[in-house]
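Scroll down for the structure; my scribbles are underneath it.
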Amino acid sequence: MKGKERTGVWVAQWIYDLDLNPNQIRLYAEIVSLDANDGCFASNEYFAKILRLKRDTVSRLISQLKEKGLLVQTRFDGRKRFLKPVLDTRVSSQSSTGKEKQKESLDRTKVGESFGSRSKAALYEGKVSCYTVQKQNTVQFDSLKTIEEKWNQFLKWITETMSESTRESLLQLKGPEELSGLQRRYWDRWIGTLKS
655 MKGKERTGVW VAQWIYDLDL NPNQIRLYAE IVSLDANDGC FASNEYFAKI LRLKRDTVSR
715 LISQLKEKGL LVQTRFDGRK RFLKPVLDTR VSSQSSTGKE KQKESLDRTK VGESFGSRSK
775 AALYEGKVSC YTVQKQNTVQ FDSLKTIEEK WNQFLKWITE TMSESTRESL LQLKGPEELS
835 GLQRRYWDRW IGTLKS
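In the working numbering, the protein residues as written are 655 to 850.
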């Protein structure tokens, strides 16, 4: 973060609902925030500095988050460790008596990026304001197709619709778990077309 002053991270309510201790919450929120930007490849030293913890404490917290199934290490290139947050999806349903029941799903989904939608508010100059960001909280389940089948369909779709440079960068990847940033948005939008 050279040249930028750190202002902190907003912790979403769903992170508080994960039954984590305060240090795990702070660390997980940082990882989710970094992953949403350019992917999380921060070192234990970086986390120790911003969270004011010891490096071995950060290492232990990361191990605990991995054990809880909330975090996976997607790759390690000898210098950088890439972490990806995972959210245990819970689907709530209403019973006939009106009481809320929680049904835990065995499926896991990567914490998705937020999708932008145009704000209806206009600036005083008559310009349309920036995009408002809404977190996609619902998860659609498609048990008919495996991830591998979806990935193969996605690769077929990008060969027909994307530019050559985008196509080449996506064809080098082995699966959706390696996607990040704009590439992840292509995948998320394509998955959205399957569900509609």
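Here a beta-carbon is modelled for each residue, glycine too, at the ideal position from N, C-alpha and C.
Please identify the residue among Trp844, Leu833, Trp841 whose C-alpha is closest to the C-alpha of Cys694.
Position 40 of the sequence shown holds residue 694. Closest option to Cys694, Cα to Cα, is Leu833.
Report buried or exposed for Gly846, applying the criterion of at least 16 other Cβ atoms within 10 angstroms of its Cβ.
Taking the sequence shown and counting its residues from 1, the one referred to as residue 846 is at position 192. Gly846 comes out exposed.
Are the beta-carbon atoms belonging to Arg706 and Glu699 less than 8 Å from one another?
Position 52 of the sequence shown, counted from the first residue, corresponds to residue 706. Position 45 of the sequence shown, counted from the first residue, corresponds to residue 699. In this structure, Arg706 keeps its C-beta atom at 8 Å or more from the C-beta atom of Glu699.
Give every residue of the same chain whose Cβ lies closer than 6 Å to the Cβ of Glu684, excluding the five residues on either side of it in the sequence, and list them in chain order.
Counting from one through the sequence shown, the residue named residue 684 turns up at place 30. Same-chain partners within the cutoff: Val663.
Look at the alpha carbon of Gln807 and the alpha carbon of Lys703, and state the distance between them as a whole number of angstroms.
For the purposes of this step, residue 807 is identified with residue 153 of the sequence shown, where counting begins at 1. For the purposes of this step, residue 703 is identified with residue 49 of the sequence shown, where counting begins at 1. So the two alpha carbons sit approximately 43 Å from each other.
Out of Leu827, Met816, Asp673, Trp805, which one is the CA nearest neighbour of Thr728?
Indexing the sequence shown from 1 puts residue 728 at position 74. Nearest option by C-alpha distance: Leu827.
Would you check if the distance between the CB atom of Trp841 and the CB atom of Trp811 is smaller than 8 Å?
Translated into positions along the sequence shown, residue 841 becomes position 187. Translated into positions along the sequence shown, residue 811 becomes position 157. No, Cβ-Cβ distance for Trp841 and Trp811 is not below 8 Å.
Can you tell me the Cβ-Cβ gap for Asp731 and Gly835, rounded? I've got them flagged as a contact below 8 Å.
Your numbering for residue 731 matches position 77 in the sequence shown. Your numbering for residue 835 matches position 181 in the sequence shown. 17 Å between Cβ atoms; not a contact.
Cutting at 8 Å between CB atoms, please list the residues of its own chain near Leu809, excluding the five before and the five after it.
Residue mapping note: residue 809 aligns to position 155 of the sequence shown, counting from 1. Leaving aside the five residues that flank Leu809 on each side, the residues in its chain whose CB is nearer than 8 Å to its CB run, in chain order, Leu824, Leu825.
Contacting residues, own chain, Cβ-Cβ under 7 Å from Leu688 (five flanking each side not counted)
Looking up residue 688 in the sequence shown gives position 34. Around Leu688: Cys694, Ala696.
C-beta contact flag for Leu737 and Gln678 at 8 Å
For the purposes of this step, residue 737 is identified with residue 83 of the sequence shown, where counting begins at 1. For the purposes of this step, residue 678 is identified with residue 24 of the sequence shown, where counting begins at 1. No, these two residues do not count as a Cβ contact at 8 Å.
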